[in-house]
Every structure is written in C-alpha cells, then in structure tokens.
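Here's the structure we're looking at; comments come further down.
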Amino acid sequence: MAAVADDPAAASVAELRHRFRARKAALIEEFREARPTAAAANRLLKGLARHVDQTLQELWECALLPPGAALLAVGGYGRGELFPYSDVDVLVLLPDDVSLAHDANAALKSSIEGFISACWDIGVEIGSSVRTVSECLQEAERDVTVQTALLESRFLCGAKALYRRFCEAFAQQMNPRAFLRAKTLEMRQRHQKYEDTPYSLEPNCKESPGGLRDLQVVLWVASAAGLGRTWSELAAKGLVTPFEVRQLQRNEGLLKLIRARLHMIAGRREDRLVFDLQTAVAESCGDKATKARRASEALMHRYYWAAKAVTQLNQILMLNIEERVNGSQDAPMRPIDEQFLDRDGMLEVVSDDLYERDRSAILRTFLVYQRTPGIKGLSARTLRALYNARELMDAQFRADPVNRATFLQILKQPQGQTHVFRLMNQTSVLGRYLWVFRRIVGRMQHDLFHVYTVDQHILMVLRNVRRFFIPEHAHEYPFCSQLAAQFDTPYVLYVAALFHDVAKGRGGDHSELGAMEVRRFCRDHGLPREDAKLAEFLVQHHLTMSRIAQKEDLSDPQVIENFAAIVGNERYLTALYLLTVADIRGTSPKVWNAWKGKLLEDLYRLTLRALGGTRPNLDAEIEARKQEALQDLALHSQLPGTQEALWKTLEVSYFARHEAGDIAWHARSLWRHVQTQQPIVKARPSPVGEGLQVLVYAPDRADLFARICGYFDGAGFSILDAEIHTTRAGYALDTFQVVSPYTDHHRDLVALVETQLVQALEDTGPLPEPSRGRLSRRVKSFPVQPRVMLRPDERAQRWLLSVSASDRTGLLYSIARVLAKYRVNLQLAKVTTLGERVEDTFLIDGPALAQARTQLELESDLLDALA
Numbered sequence: 001m002a003a004v005a006d007d008p009a010a011a012s013v014a015e016l017r018h019r020f021r022a023r024k025a026a027l028i029e030e031f032r033e034a035r036p037t038a039a040a041a042n043r044l045l046k047g048l049a050r051h052v053d054q055t056l057q058e059l060w061e062c063a064l065l066p067p068g069a070a071l072l073a074v075g076g077y078g079r080g081e082l083f084p085y086s087d088v089d090v091l092v093l094l095p096d097d098v099s100l101a102h103d104a105n106a107a108l109k110s111s112i113e114g115f116i117s118a119c120w121d122i123g124v125e126i127g128s129s130v131r132t133v134s135e136c137l138q139e140a141e142r143d144v145t146v147q148t149a150l151l152e153s154r155f156l157c158g159a160k161a162l163y164r165r166f167c168e169a170f171a172q173q174m175n176p177r178a179f180l181r182a183k184t185l186e187m188r189q190r191h192q193k194y195e196d197t198p199y200s201l202e203p204n205c206k207e208s209p210g211g212l213r214d215l216q217v218v219l220w221v222a223s224a225a226g227l228g229r230t231w232s233e234l235a236a237k238g239l240v241t242p243f244e245v246r247q248l249q250r251n252e253g254l255l256k257l258i259r260a261r262l263h264m265i266a267g268r269r270e271d272r273l274v275f276d277l278q279t280a281v282a283e284s285c286g287d288k289a290t291k292a293r294r295a296s297e298a299l300m301h302r303y304y305w306a307a308k309a310v311t312q313l314n315q316i317l318m319l320n321i322e323e324r325v326n327g328s329q330d331a332p333m334r335p336i337d338e339q340f341l342d343r344d345g346m347l348e349v350v351s352d353d354l355y356e357r358d359r360s361a362i363l364r365t366f367l368v369y370q371r372t373p374g375i376k377g378l379s380a381r382t383l384r385a386l387y388n389a390r391e392l393m394d395a396q397f398r399a400d401p402v403n404r405a406t407f408l409q410i411l412k413q414p415q416g417q418t419h420v421f422r423l424m425n426q427t428s429v430l431g432r433y434l435w436v437f438r439r440i441v442g443r444m445q446h447d448l449f450h451v452y453t454v455d456q457h458i459l460m461v462l463r464n465v466r467r468f469f470i471p472e473h474a475h476e477y478p479f480c481s482q483l484a485a486q487f488d489t490p491y492v493l494y495v496a497a498l499f500h501d502v503a504k505g506r507g508g509d510h511s512e513l514g515a516m517e518v519r520r521f522c523r524d525h526g527l528p529r530e531d532a533k534l535a536e537f538l539v540q541h542h543l544t545m546s547r548i549a550q551k552e553d554l555s556d557p558q559v560i561e562n563f564a565a566i567v568g569n570e571r572y573l574t575a576l577y578l579l580t581v582a583d584i585r586g587t588s589p590k591v592w593n594a595w596k597g598k599l600l601e602d603l604y605r606l607t608l609r610a611l612g613g614t615r616p617n618l619d620a621e622i623e624a625r626k627q628e629a630l631q632d633l634a635l636h637s638q639l640p641g642t643q644e645a646l647w648k649t650l651e652v653s654y655f656a657r658h659e660a661g662d663i664a665w666h667a668r669s670l671w672r673h674v675q676t677q678q679p680i681v682k683a684r685p686s687p688v689g690e691g692l693q694v695l696v697y698a699p700d701r702a703d704l705f706a707r708i709c710g711y712f713d714g715a716g717f718s719i720l721d722a723e724i725h726t727t728r729a730g731y732a733l734d735t736f737q738v739v740s741p742y743t744d745h746h747r748d749l750v751a752l753v754e755t756q757l758v759q760a761l762e763d764t765g766p767l768p769e770p771s772r773g774r775l776s777r778r779v780k781s782f783p784v785q786p787r788v789m790l791r792p793d794e795r796a797q798r799w800l801l802s803v804s805a806s807d808r809t810g811l812l813y814s815i816a817r818v819l820a821k822y823r824v825n826l827q828l829a830k831v832t833t834l835g836e837r838v839e840d841t842f843l844i845d846g847p848a849l850a851q852a853r854t855q856l857e858l859e860s861d862l863l864d865a866l867a
C-alpha cells in the first residue's frame, strides 16, 4: 500500500501500526514489572495472542476479502498463546472451487497479497500460507509438520462454515496410529539432535528433551486420537491423574516463564538458555546470587528439575496414549514373578498400589529389569507407579537392609548397570535412594571442560567403566579392556564412579568429601574391608593420576617412585588407571586425545615396573632404548654409525625423555645436519594418535621457542606437548605434538609445515605480536582467574612454572614471548588443554631466576600476558 497522505488505507495502516506496537510494548512492560510467576507468563502469552487476533481481524476487514474465504491461526499461535518474539502462523483458507492461478481471481490474489503486506507493514511477522481445503488435506497427508500445524488450527475471521467443513474433512482423514508413529520418530530424532539429555549446559527450553515441545507432542497425539486437547480433558479420559495434572501445569508454567523472560531479555526470538543470558534471565525470574552459588546456577537447577519431570511425564503419557491407540493395553502378559509381568517386552507391576504395599519392590523393579531377558523398558503403569511412589523413599526406606542388599545386587550383576542407573536417575529413584546423589542432580559445573551436569557426568563415567568390561567394546580401548578382563571386582569401580564427583559444589575438596561419603556407603552396605578401602582410595585420588601424567616429568625416577608410593600395589594402580581414563573421557568429547592416553599409559607402565620391586635403573633403560633405536635404524636401511655424530652431542636426559622410535627418527633426520647453521624442520603424522609430530633442530637462541610457538599460533595449530632439549654443541632439539582443528588429514600438512616453519625461524626481526582471537562465549561467561606459580623442583636445580588460564588463540605464544624476554631456558613443556581452560607446566632454568626480584617481575609479566 503506498503511503500517500490522503490515502485512507495508508492512514488506517499507520494508525494500526502505532496501536499494535504500543499495545505489544505495554503488555511486555507489564510482564517485566510483574512478579515472575507462571500466571504472569500465561497472562502475557494469552494477551499477546488476543492482541494479534484483533489486529489481524481489522486488517482482514480492510483488505476487503470475499466472504467465502477464512483466516485461521495455526501452529503455536493456533493454541491461543504467543511468546513475545514467536512467529505468527496463519492460513488463508479458500473454497475448493477457487484457484489463484486462474486469471478470473486476480483481484482476490491481489487482496490476499495486500493483506499479507499490511501485516508486515504494521509489525506482525506472519508466516502465511494460502490453500484450498483440498490442498490442505493433500499437504497434511504428505507432511506431518503441516498436519501438526493444522491440528492446532483456530478460526479467526471470515467464512466460519468453510472452517467447519475443513475441520470435518481433516478429522476424517486423520490416522491416529500413523500420526503417533511419525511424531514419536520425530521426537526421538529431535532428542538426538540435542544430545538426548535435558541436562545440556545451554539447553533449548523449547526443543531440548524436557522442553515445552515434549509437552506439546503429548497433546498433539492425544488430540489426533480424540483423547483430549488439554490436561484436564486427558484427566477426564483417565490418561493422567489429578496429581500429574498439577505437576504438568507447574513445570509447564516454569518453562513458559523462562522462555518468555528469555525472549524479553534477548529482544528477539531466542529459545536457548545460552551462558550470556543465563544470569539476566535468572535475576529476571527472581533468582538471587548467594555466596554458595550464582543466580544462573539457581535458575538452571530449577530448569533441570522441571525438564526432568517433563521427561518423566512425557514418557508415561506417550506410552499410555500408545497403548490406547494401538490397543496394546489388552496385550497378553507373561508373569515374571509374584510382583511383575512382561507386557510385550515392557515391565509391568501387578497392581497400581504395589509400591505402597511393599516399598522394597521399588528397587527390585530395576533388578528384575536388569535380570530378565527380553525386557526393553518400563511400562506406563510402572513408570506412573514409580512417579507416585517418590515420597515413599524416605530415610527408613534408605536404611532398610533389604533395599541395601538389592542395591548391592544391582551393582554386582554381570551386565546392565549403564541402562539401569540411567533409568533409576530418570525416574528419580537413584537420588531418592542415594540422598547424596540427589544433591548433584542438575548441578552445573563451571569449569569450562565439563559439558554435562554433575549427575550426567557421573553416569557417563559409569558407562565408560562398564564398557571396559564388555568384550564388544574391546576395540575402543584395548589396553583398558585387557586390564579390566583381569580385574576381579568390577562393582568396586562402579561404586567409585558413582561417588567420585558426588561432593561437587559443596565447597572444600570434593575428593576428600566424596571419600567420606563412599566410606559411609561401604559401611552401610557391608562391603568387604578391602573393597571398601579401594573404593575410598579411588574417590580420594581420582584426579591424582591425570595430574601427574599431564603435569610432571615422567622421565624423572623420583616422580614415578612417589606415585608408586601413593598407589601401593598393582590392584590399586589398575583400578585408578581405569577410573582415570573413564573420568577424562566422560567430561567432554573435546578433552580426550591420543596423546593424553599415551601419557597415562606410560605412567601406568612405569609405575607397574616400580611396584615390581625393581628400582628404576636409568642406565639400563637408556641402553635398552638405544639398542631398540639401532634396530629401528637398521629396519630403515640406515648405514651403521648413522647415529654417532648426533648421539655424541646428547645428554643422558635426552635418552631418558624420548621413546626409542623418536630417537631413531631424530637420528635418521639429522645425521647429515649435526653441524648445520640452518634450522632443520621435519614433520610426520604422529605415531601416537591424531596430528603431527614436528622436529625442530637449530642453533639455540633465547627466542627460539617463542618463534616456534608464534608460527604454530599463526598457522592455527594447537600444541599438545613439547619435548625440549639442548645438545652439548648448543643446538636446540625440540619435538612438538601438534593438531590442526581445520583438518583430519594431517599427512597433507607435512610439506607445508616443514617449509613455513623454517622460514619463520630464519626471521631475525622482532617477535610479532600474538594474535588476539575471539574469546568463546563460555570463556566470557565463566572466566578462569589467571594463575602463575614458580617453585623449585624437588632437587632445587631447576624451576617448575605452572600456568592456568582461559584458553584463547595465541596464549602459549604470549607465554613464550615473556620467557624469551627474560632469556629463560626451557627444558620441558607439558601443555594441557581441558576444554576451554589451559593448565601448562614448564621446567625451566636460567641466570635470571636466581634473583627473587626477577622472579616476581617474570610472574607479573606472565599474568599480564595471560590476561
């Protein structure tokens, strides 16, 4: 419509635009000022929908559309609810005898286009479709998304008789069984997209498991089956109990409140509770920060509990509806024992009040599920009975010897622990029985490398431990599976996995507090003394092995002896190794890599040798490595004596720190270049996993390490590890493990690295400034306080420099520039990236470190570089 001053249509649209925007802004402001309650959110959603209804009706009249057409609200708007920035989906419904493609209907087409344009002009962001009744039915048959949108259609204005005809035809065409199957598959696919968990750290409060969409799916399939369109109507049909209706309304209300506040604060359609917005949404919803936890943690804790309840109720109701639609409620049942039945592969209680009559049957449910072949899940009736039995699991229930014996039996079964414990957590039984576990359900972890809540991380670690004992998974971690096959009491590892992080979030050392909790559990459940001691040891030291492997010099015999003294024997060492691998693997897909696996395995093997009673014999070890390296050289057709020129220049520490394969590779690469003045760079695909192994040999100088780091920084490589050695002839012989996030085909990068790194090392100009990459949203939301610690090593000959900070592009290079400035010699670098936090350890020496004042200046400059 042209904006002409004397055009009454233009004036009408301008007035409508002003009124629409002013009223919408008033409704949102009223919601902003109101107490953050579900009732306030409902008032806003219904108020916005009514306001849009009135506006569209006025625009429809202005468009002068023929009386035979109708305007329908569809999709979410069809429910009569509208979030502040949600789409407004409408359908212009036409009789079957009207075709817009026909020239005779050009005026009608123009009127409809004018109506849609006017909607956008005044600020109603509509998603519009124009169809005849027949076209609607054809589209619905082809596309379940269209079918779902039409299922929620609501008449707005126009020809009501046409709308009634459409509703009758749509209802006749609806196939409830096919619709249920399609929506179930669609829901399963959506859950997989969101990692199949309601506990994502940045959940989508609409689409994630346990979000609003899970509640809408229930109402859609119920409506399609003619079982009701609201929770009250479902209750009238016996599909849901009055107690469940209250739970559904309460949790749905919280999710709606959070989503509405999220839209309001973001100022746009935003359904993800991203880190950037969590604090603002939390404060908007009335959550306050305390000394113990942030406001965002309080909000997310409430969200996770609501999402968990929605997940449970969705499962109960979907199974119930499926039984009604498919008629499987009448399927024959096979008795399993006096308390449980097998209903078509689902475990069914014999009566609704089983748990009230016999509370010990609650835990027996999971033992029977675990033991009975062919049972693939719990029936709707069993899930509902468990949901209603939560209050029965009190202190007396937890102290009952029968229940304690059953729980121990579940742990000791030969299979099924992963599925059983996940199911126990989903049904709230695990947190009710292990009260200490209940405290960490839905608890976030603000450490930048865990991507799961504490309870989900614990269950992931339990799964990882369990897989070590399953032959089908032996190809994943062959060494772990080999050790697990010889381990006599797997259940102790399951107990340790359940308790290793159970004291997170209390303040204090969670390892020590967790050890106290597992000690109490073992005592209450009557575990044998030796098993109880091992479980307590594992929880107390579950971080020790990874810390030593990733931060200390494993070529130092004293490091190995000290760790051997901690573990004491082979059984404890093996158990700790298995738990450590499972724990690191259970934090985040980004944290584990082959290099960390090698460090842990090296520490295991070295410690096992020390526990065998033979003190490390460095001379014998070095001689063995040399002989193995000579054999490697012979296999590569190297002439005898190839290695001599290089080996004469190397210290004992070089042979102590390098594997035989690396020693042979260095000798093959450098035998012609021992006296060269030009930098030599050789690269190869890493023999210990992904990425490249890069050898740098060059005359040593103060800024050499910084220039190497500067090249890798600029080229986009991440340094996983650095072995630094200076020969007697004054040459640096450095080996780096690096990976590129941009490719999995590192072999293709060998020639590029060998050429470009030489060019970078030949540069004699000032060191370039480090790149300043963007910080990730997680780092911005949960920054790590930079820390620098400089202390002498155990022999007081060198210094250990420990650095902790949020990861960012150019960080290691920034550290290297500071070390170059103070002319510090680098002996060893342990570069550890834990998600988006780095913890690096360097073994250093140099004249500058002899003075306390210089040490303080170095630490201060490093802190500035980290910040």
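So in UniProt numbering, spot 469 of the sequence shown is number 469, and the numbers just go up one at a time.
The C-beta atom is built at its ideal place from N, Cα and C for all residues, glycine as well.
Identify the residues that DSSP records as bridge partners of residue i: which are they?
| i | result |
| --- | --- |
| N825 | D845 |
| E839 | S804 and T832 |
| T726 | A732 |
| T348 | Looking at the sequence provided, one finds Glu at residue 348 rather than Thr. In DSSP, E348 forms a bridge with L341. |
| C119 | Beta-bridge pairing links C119 to no other residue. |
| R131 | L93 |
| M187 | Answer is none; M187 lacks a bridge partner. |
| P792 | W799 |
| G158 | A70 |
Quick one: residues in its chain with C-beta nearer than 7 angstroms to the C-beta of residue i, no 5 flanking neighbours on either side, listed in chain order?
| i | result |
| --- | --- |
| Y163 | A70, L72, L93 and F155 |
| F537 | Y572 |
| I336 | D342, V368 and T372 |
| E202 | R272, L273, V274 and F275 |
Between the C-alpha atoms of residue i and residue j, what's the straight-line distance to the nearest angstrom?
| i | j | result |
| --- | --- | --- |
| M444 | L277 | 15 angstroms |
| R50 | G80 | 7 angstroms |
| L863 | L16 | 58 angstroms |
| D748 | V674 | 27 angstroms |
| V652 | H745 | 35 angstroms |
| I440 | G431 | 9 angstroms |
| A5 | V144 | Low local confidence applies: a pLDDT of 42 at A5 is under 50, so the model's placement there is unreliable, with the coordinate-based value given in what follows. Between A5 and V144, the C-alpha separation is close to 47 angstroms. |
| E125 | R324 | 39 angstroms |
Hey, quick one: how far does the beta strand (DSSP E) through residue i stretch, first residue to last?
| i | result |
| --- | --- |
| L692 | L692 to P699 |
| M333 | M333 to P335 |
| P766 | That residue, P766, is in no beta strand (DSSP E); it is neither H nor E in DSSP. |
| A73 | A70 to A73 |
Sorted by chain position, which residues of the same chain lie with C-beta nearer than 8 angstroms to residue i's C-beta, five sequence neighbours on each side aside?
| i | result |
| --- | --- |
| F479 | E601 |
| Q409 | L367 |
| F407 | L363, Y433 and H525 |
Go to residue i, then tell me how far its alpha helix (DSSP H) extends in each direction, as first and last residue.
| i | result |
| --- | --- |
| K682 | First-last for K682: I680 to P685, but that is the beta strand (DSSP E), not the alpha helix (DSSP H). |
| T279 | F275 to S284 |
| P478 | P478 to A485 |
| M300 | A295 to N326 |
| T607 | A594 to L611 |
| P557 | P557 to V567 |
Does the beta carbon of residue i sit closer than 8 angstroms to a beta carbon anywhere in chain D?
| i | result |
| --- | --- |
| E152 | The question asks about chain D, but that chain is absent: this structure has only one protein chain. |
Please go through the same chain and pick out, in chain order, the residues whose beta-carbon is closer than 6 angstroms to the beta-carbon of residue i, but skip the five residues on each side of it.
| i | result |
| --- | --- |
| C709 | L812, Y813 and A816 |
| W305 | G442 |
| Q173 | L137 |
| V495 | A535 |
**Message:** Using 8 angstroms as the cut-off, can you tell me whether the stretch 31–49 makes contact with the stretch 253–270, which would need three or more C-beta pairs spanning the two stretches below that distance?
**Reply:** yes
**Message:** Within 8 angstroms, do at least three Cβ pairs link the stretch 332–345 to the stretch 367–383?
**Reply:** yes
**Request:** Report yes or no: do the stretch 547–554 and the stretch 454–468 share at least 3 C-beta pairs separated by less than 8 angstroms?
**Result:** no
**Asked** Do the stretch 646–660 and the stretch 719–732 touch if we need at least three Cβ pairs shorter than 8 angstroms?
**Response** yes
**Asked** On the three-pair Cβ rule with 8 angstroms, is the stretch 592–607 touching the stretch 495–509?
**Response** no
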